[in-house]
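Everything on this sheet refers to the single structure shown next.
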Amino acid sequence: MLNLEQMANPILKPEQLNELAWRAHRMRRHIVGMATDRLKLHFGGSLSMVEILAVLYFHWMRHDPQNPDWPERDRFILSKGHGAPGLYAALGEAGYFSQDEFRAYRTIKSILQGHPDRTKTPGVEVSSGSLGTAFPVACGLALAGQMDDAGWRVYALLGDGECNEGSVWEAAQVASNLHLSRITAIIDRNQMSSYGLMRGRNDVEPLERKWESFNWHVLSVNGHDLQAIVNALNEAAKCRDLPAVVIANTQKGYGIPMMEKTGKHSFRMSHEEYLQVLQELDDQQSKLRGASNA
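Dropping the structure here:
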């Protein structure tokens with residue numbers, strides 16, 4: 664949870680860095696565990712945003728897993744709804760629901776469906792899936808918070824491919840015109856969409872200059888660097904007259920070598936690939952334990 668001390672001194676202590684790295688590792692295990700050889704899953708975009716969610720849910724945001732509707736909570740909106748497995752991994756790891764629910768992902772009557780559903784999953788603020796539809800809702804929440812002079816903030820995670828949607832820019836314009844400084848948008852800029860590399864197709868570059876032209880305070884960081892993410896959120900929280908956007912430069916499939924190499928957006932793992940990924944995660948776990956004991 665964010666407090667005044669964190670804003671005054673955002674530098675993470677070694678034990679905090681280790682804790683966040685461990686949470687990110689566990690979240691990747693949860694994502695992989697949702698689909699072995701039975702399901703096609705959006706691995707690439709779910710894995711690229713793990714560090715962002717680890718910082719938000721385990722260090723930065725005010726929230727209470729035992730009371731998901733706590734009025735003073737910060738609101739997180741996953742606008743890139745196809746990254747649902749990443750959000751579920753964070754929510755389950757945080758204690759919003761039993762981790763046994765991961766086994767039922769995308770099955771009939773499961774609380775974890777292919778896209779976030781606020782009527783089914785504790786901790787989900789907005790049902791999302793169609794790109795460009797949830798970010799305007801996030802801006803509306805920020806407006807409500809401003810009108811009520813509330814203490815909570817809104818965090819919206821978008822994909823860079825999603826920035827091709829006109830509704831994103833309409834909402835961005837309204838947010839800056841209304842000086843909605845309670846919202847921080849975060850762009851998972853992995854430079855790929857479901858059809859491959861964005862470069863040379865319907866590219867959104869220069870992305871920073873576009874957000875600046877809509878009068879947003881723009882920050883650009885390494886989206887896998889935990890300290891850099893904290894620094895950016897800290898600076899965004901200090902904006903008093905403008906909304907802020909953090910452009911997080913990430914890699915599709917990050918954290919699992921086999922998936923980094925494929926660069927695929929959505930695919931089904933074979934049993935052999937599943938075993939390979941588990942071995943890669945085991946190797947990382949050993950390194951993390953060694954670092955924490957050093």
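Going by our numbering, the first residue of the sequence shown is number 664, and it counts up by one from there. C-beta: ideal position from N, C-alpha, C; glycine also. Since the model is a prediction, treat every value here as computed from it, not as a measurement.
Within the 9 Å Cβ cut-off, does residue i reach chain C?
{"i": "R686", "result": "The structure shown has no chain C; it contains just one protein chain."}
Please look up how many angstroms separate the CB atoms of residue i and residue j, rounded, as I've assumed it's under 8 Å.
{"i": "A834", "j": "P799", "result": "4 Å"}
{"i": "L716", "j": "M697", "result": "15 Å between Cβ atoms; not a contact."}
{"i": "L870", "j": "S742", "result": "The pair is not a contact, with the Cβ atoms about 15 Å apart (cut-off 8 Å)."}
{"i": "R852", "j": "A911", "result": "6 Å"}
{"i": "D823", "j": "V867", "result": "6 Å"}
{"i": "S711", "j": "K915", "result": "5 Å"}
Taking the straight line between their C-alpha atoms, what separation do you get for residue i and residue j?
{"i": "D958", "j": "A813", "result": "Since the first residue of the chain shown is 664 and the last is 957, residue 958 is not available in this structure."}
{"i": "Q776", "j": "Y751", "result": "10 Å"}
{"i": "N865", "j": "E825", "result": "11 Å"}
{"i": "E668", "j": "A757", "result": "Model confidence at E668 stands at a pLDDT of 43, short of 50, so the residue's coordinates are unreliable; what they give is reported in the following sentence. So the alpha carbons of these two residues sit roughly 22 Å apart."}
{"i": "W733", "j": "P906", "result": "24 Å"}
{"i": "H762", "j": "E735", "result": "Going by the sequence as given, residue 762 is Gln instead of His. For Q762 and E735, the distance between alpha carbons rounds to 26 Å."}
{"i": "L665", "j": "H745", "result": "Because L665 carries a pLDDT of 43, less than 50, the predicted location of this residue cannot be relied on, and no value is offered for it."}
{"i": "K901", "j": "W874", "result": "18 Å"}
{"i": "D946", "j": "T784", "result": "32 Å"}
{"i": "P673", "j": "T913", "result": "22 Å"}
Residue i and residue j: beta carbons closer than 9 Å?
{"i": "L896", "j": "L680", "result": "no"}
{"i": "P731", "j": "G786", "result": "yes"}
{"i": "A797", "j": "R845", "result": "no"}
{"i": "E935", "j": "P920", "result": "no"}
{"i": "G755", "j": "H693", "result": "yes"}
{"i": "I740", "j": "S791", "result": "yes"}
{"i": "F721", "j": "P748", "result": "no"}
{"i": "V908", "j": "I850", "result": "yes"}
{"i": "R725", "j": "W815", "result": "yes"}
{"i": "V695", "j": "M855", "result": "no"}
{"i": "D888", "j": "E714", "result": "yes"}
{"i": "E764", "j": "I774", "result": "yes"}
When we look at the beta-carbon of residue i and count the other beta-carbons within 10 Å, is it buried (16 or more) or exposed?
{"i": "D811", "result": "exposed"}
{"i": "A838", "result": "buried"}
{"i": "L860", "result": "exposed"}
{"i": "A891", "result": "buried"}
{"i": "Q615", "result": "Outside the shown range of the chain, which is 664 to 957, sits residue 615, and nothing can be said about it."}
{"i": "G886", "result": "buried"}
{"i": "K772", "result": "exposed"}
{"i": "A954", "result": "exposed"}
When you measure from the CB of residue i to every non-hydrogen atom of the ligand COA, does any distance come out below 8 Å?
{"i": "I674", "result": "Of the ligands one can find in the structure shown there are none, so the ligand COA has no counterpart to examine."}
Quiz prompt | In chain order, each beta strand (DSSP E) run of at least 3 residues that lies wholly inside the stretch 869-936 | solution = 880-885, 907-912
Quiz item: For the stretch 736-804, which segments carrying the beta strand (DSSP E) assignment without a break, of at least 3 residues, lie completely within its bounds, in sequence order?
Solution: 738-741
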